[in-house]
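Asks:
Numbering (full-length UniProt numbering), first residue to last: 1 to 578.
1. Take the Cβ of residue 233 as the centre, count every other Cβ of all protein chains shown within 10 Å, and call the residue buried at 16 or more, exposed below.
2. Below 8 Å on the Cβ atoms is my guess for residue 390 versus residue 348; work out the distance and round it to an integer in Å.
3. How many Å lie between residue 367 and residue 387 at the Cα?
4. Ends of the beta strand (DSSP E) at residue 352?
5. Could you compute how far the alpha carbon of residue 535 sits from the alpha carbon of residue 546?
6. Determine the DSSP secondary structure at residue 62, reduced to helix, strand or coil.
7. Between residue 331 and the ligand GTP, is there a pair consisting of the residue's CB and a ligand heavy atom that are separated by less than 7 Å?
8. With C-beta atoms as the reference, is residue 48 less than 8 Å away from residue 168?
9. Taking the runs of the alpha helix (DSSP H) that are 4 residues or longer, which of them lie wholly in the stretch 8-43?
10. With a 10 Å radius around its C-beta and 16 neighbouring C-beta atoms as the bar for buried, classify residue 74 as buried or exposed.
11. Just reading off the alpha helix (DSSP H) that residue 129 is part of, what are its end residues?
12. Inspect the beta-carbon positions of residue 410 and residue 515 and report whether they are closer than 8 Å.
13. According to DSSP, which residues form a beta bridge with residue 145?
14. Considering residue 232, what are the terminal residues of the alpha helix (DSSP H) in which it resides?
15. Tell me whether the stretch 480-500 and the stretch 287-302 touch, counting them as touching only if at least three CB pairs, one residue from each stretch, are closer than 8 Å.
16. According to DSSP, simplified to helix, strand and coil, what is residue 241?
17. So, at 8 Å on beta carbons, what are the nonlocal neighbours of residue 623 in its own chain, with the 5 sequence-adjacent residues on each side left out?
18. Please give the ranges of any beta strand (DSSP E) in the stretch 264-327, keeping only runs that are unbroken, at least 3 residues long and fully inside the region.
19. Under 8 Å, do residue 249 and residue 231 count as touching if we go by C-beta distance?
20. Could you round the C-beta distance between residue 512 and residue 503 to whole angstroms and report it? I think they count as a contact, below 8 Å.
21. Please name the residue, chosen from 21, 311, 478, 273, that lies closest to residue 72 on a Cα-to-Cα basis.
22. I want to know whether the stretch 446-462 touches the stretch 408-424 - three or more CB-CB distances under 8 Å.
23. Is it true that the CB of residue 146 sits closer than 8 Å to the CB of residue 154?
24. Exposed or buried, which one is residue 542 when buried takes at least 16 other CB atoms within 10 Å?
25. In terms of residue numbering, what span does the beta strand (DSSP E) encompassing residue 162 cover?
26. DSSP on residue 179, reduced to helix/strand/coil?
27. So, with DSSP's three-state summary, where would you put residue 558?
28. Looking only at C-alpha atoms, which of 362, 105, 358, 264 sits nearest to residue 180?
29. Is the beta carbon of residue 579 less than 8 Å from the beta carbon of residue 429?
30. Alpha carbon to alpha carbon, how far is residue 192 from residue 332?
31. Go ahead and pull the three-state DSSP assignment for residue 372.
32. So if DSSP puts residue 389 in a beta bridge, which residue, or which two residues, is it bridged to?
33. Leaving out the 5 sequence neighbours to the left and right, which residues in its chain are closer than 6 Å to residue 304 when beta-carbon positions are compared?
34. Just reading off the alpha helix (DSSP H) that residue 442 is part of, what are its end residues?
35. Look at the alpha carbon of residue 427 and the alpha carbon of residue 260, and state the distance between them as a whole number of angstroms.
36. Inspect the CB distances between the stretch 265-283 and the stretch 314-326 and report whether three or more fall short of 8 Å.
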């Protein structure tokens, strides 16, 4: 029989689980299916209500956390003029709102189950078609697409009564609590979800509550911190949910012309916009950033990490694609979909680590060492991702990933990676890709293995161009022994972080360098101009040749005419003589 930690849950969550599970909770046949629910005592969605509500057991047991969360929550709501959850559509059969408590008991049959995994355009079509009409027709004008992937799409928009402010609208599959609880019902599961709930109740003054994505909840709680997008609203409709937040794009995008009406689907696909993520300033193992620039980025990342940690939240996916660099290098952390929340220190202690090839460059030495074991060598050969049994503190892993990002921005490549660029070998995170030939795949695997040996056995190589304070910070963060690595408070006291504030006042020193996309666009424009010039020269040469041929033909005709006239004259003269 499953043992649920419902003594820590808020009343609403406990009631919801009872509605979803019912008598199966005590059925031995479902023991394994519901085993993951035993870990919900430290899940954000299960405890947030009672952490915010004064006088509850959780609020009394964690008074500092209760006070901090309550202050940030109330301040965020007080600054708003409208409700967070803006879709008031109801289910045609039951009359319930799609963000309601009751709707969370539904197991949804998602339309994307009928779409091929690789059919990106088909998924965009489905998300566009089912997007809440209140959002699409009444509140916003959609300008185009910022990005899209397997599990979601991000649209660029402005409000119909304010075209001067841009918003990013992140549209993802709606995953109800019932879908998460019944994680074993895999045929119904669509999206990048695990066995943890991804929506949480937002309580209003009239005791009503609407369920919104946990990511949106976290953005609401970070409303006073400039390191995160500002939450505007949420629209939950049928099988999709949309998080509307401030967009952080270049001024040129904001100034670009647009069609003042929502596009048709085919037209939507053609309207593409991009934000500048940190990964766009590293190319072919070269960085476009100087140390003082990276100092600003790293310091602001640390500020964001600390702001989350105050709320007992750890960002678990802080890669270079998940923070935006504005034109003055102000840093905005995005994509809060992967996180760890803990009430106590023990809640951050994990028994397993999920290995993904794309994160090869940010593996700790102790985790890297596990990859040399025969069992994991086989796992890595047979599977794209797999679990490694290795107890670890998720907070410390997050700081190691942060350090890896900073190192890459400083050097242009991952820690312990070969600094020489090879177009066949590419970078360490690319060691395993679909479609590689056997020779290249083997070569990349060997390069990854050699780097793993250096991670375990060699000291961290640091560029001699870096200041001593910067080098010391890197060496401190990459200590081999987990016990020697700095905690977050120790990092915050490191002298290198924050030094950018004491740079001179010249704003040009923090002007973002040209990005890879801009370099590519410039090169393409240059090649396009060269091609057009070549075509123009070819046309001019063809025209000149045609003119020369016409002139030559005219001259030939004149010569022929003269010759004919001469022949006629000669013939007439001969006849007169006769």
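Just so you know, even glycine gets a beta-carbon here, dropped at the ideal spot from N, CA and C.
Replies: Quick look at the numbers:
1. Locating residue 233 in the chain shown gives position 233, where the first residue counts as 1. Buried is the call here.
2. One-based indexing of the chain shown puts residue 390 at position 390. One-based indexing of the chain shown puts residue 348 at position 348. Rounded, the Cβ-Cβ distance is 14 Å, inconsistent with contact.
3. Your numbering for residue 367 matches position 367 in the chain shown. Your numbering for residue 387 matches position 387 in the chain shown. The straight-line gap from Cα to Cα measures roughly 11 Å.
4. Here residue 352 refers to the residue found at position 352 of the chain shown. Run containing residue 352: 349-355, per the beta strand (DSSP E) assignment.
5. One-based indexing of the chain shown puts residue 535 at position 535. One-based indexing of the chain shown puts residue 546 at position 546. If you take the alpha carbons of residue 535 and residue 546, they lie about 16 Å apart.
6. Position 62 of the chain shown, counted from the start, is the residue given in the question as residue 62. It is coil, neither helix nor strand.
7. As far as ligands go, the structure on display features none, and thus does not contain the ligand GTP.
8. The residue given as residue 48 occupies position 48 in the chain shown. The residue given as residue 168 occupies position 168 in the chain shown. Not a contact, by the Cβ cut-off of 8 Å.
9. 11-21
10. The residue given as residue 74 occupies position 74 in the chain shown. Classification of residue 74: exposed, given that the 10 Å Cβ count is below 16.
11. Here residue 129 refers to the residue found at position 129 when the chain shown is read from its first residue. First-last of the alpha helix (DSSP H) with residue 129: 120-130.
12. To locate residue 410, count along the chain shown from 1; it is residue 410. To locate residue 515, count along the chain shown from 1; it is residue 515. Going by C-beta atoms, residue 410 is not nearer than 8 Å to residue 515.
13. Here the question's residue 145 lines up with position 145 in the chain shown. Residue 145 is bridged to 155, 272.
14. The count along the chain shown starts at 1 and reaches residue 232 at position 232. Premise fails: residue 232 lies in the beta strand (DSSP E), 231-237, not in any alpha helix (DSSP H).
15. yes
16. Translated into the one-based positions of the chain shown, residue 241 becomes position 241. Here residue 241 sits in strand by DSSP.
17. Beyond the ends of the chain as shown, which are 1 and 578, falls residue 623; an answer cannot be given.
18. 313-315, 323-325
19. Walking along the chain shown from the start, residue 249 turns up at place 249. Walking along the chain shown from the start, residue 231 turns up at place 231. Not a contact, by the Cβ cut-off of 8 Å.
20. As a working note, residue 512 is residue 512 in the chain shown. As a working note, residue 503 is residue 503 in the chain shown. Going by Cβ atoms, the distance from residue 512 to residue 503 rounds to 15 Å, so no, they are not a contact pair.
21. Reading the chain shown from its first residue, position 72 is the one you call residue 72. Among 21, 311, 478, 273, the Cα nearest to that of residue 72 belongs to 311.
22. yes
23. Within the chain shown, residue 154 is the residue found at index 154, counting from 1. Within the chain shown, residue 146 is the residue found at index 146, counting from 1. For residue 154 and residue 146, yes; Cβs fall inside 8 Å.
24. Numbered from 1 along the chain shown, position 542 holds the residue referred to as residue 542. That one is exposed.
25. Within the chain shown, residue 162 is the residue found at index 162, counting from 1. Counting along the chain, the beta strand (DSSP E) containing residue 162 begins and ends at 162-173.
26. In the chain shown, residue 179 corresponds to position 179, counting from 1. Note: residue 179 maps to helix in three-state DSSP.
27. Position 558 of the chain shown, counting from 1, holds the residue named residue 558. Note: residue 558 maps to helix in three-state DSSP.
28. Along the chain shown, read from residue 1 onward, the residue named residue 180 stands at position 180. Residue 105 is the option with its Cα nearest to residue 180.
29. Not covered by the structure: residue 579. The range shown for the chain is 1 to 578.
30. Locating residue 192 in the chain shown gives position 192, where the first residue counts as 1. Locating residue 332 in the chain shown gives position 332, where the first residue counts as 1. Model confidence at residue 192 stands at a pLDDT of 49, short of 50, so the residue's coordinates are unreliable; what they give is reported in the following sentence. Cα to Cα, residue 192 sits roughly 23 Å from residue 332.
31. As a position in the chain shown, residue 372 is number 372, starting the count at 1. Residue 372 falls in the coil class under three-state DSSP.
32. Here residue 389 corresponds to residue number 389 of the chain shown, with the count starting at 1. In DSSP, residue 389 forms a bridge with 352.
33. In the chain shown, counting from the first residue as 1, residue 304 sits at position 304. So the list reads 227, 333, once near-sequence residues are dropped.
34. For the purposes of this step, residue 442 is taken as the residue at position 442 of the chain shown. Residue 442 -> alpha helix (DSSP H) spans 438-457.
35. Taking the first residue of the chain shown as 1, we reach residue 427 at position 427. Taking the first residue of the chain shown as 1, we reach residue 260 at position 260. Using only the alpha carbons, I get a separation of about 42 Å.
36. yes
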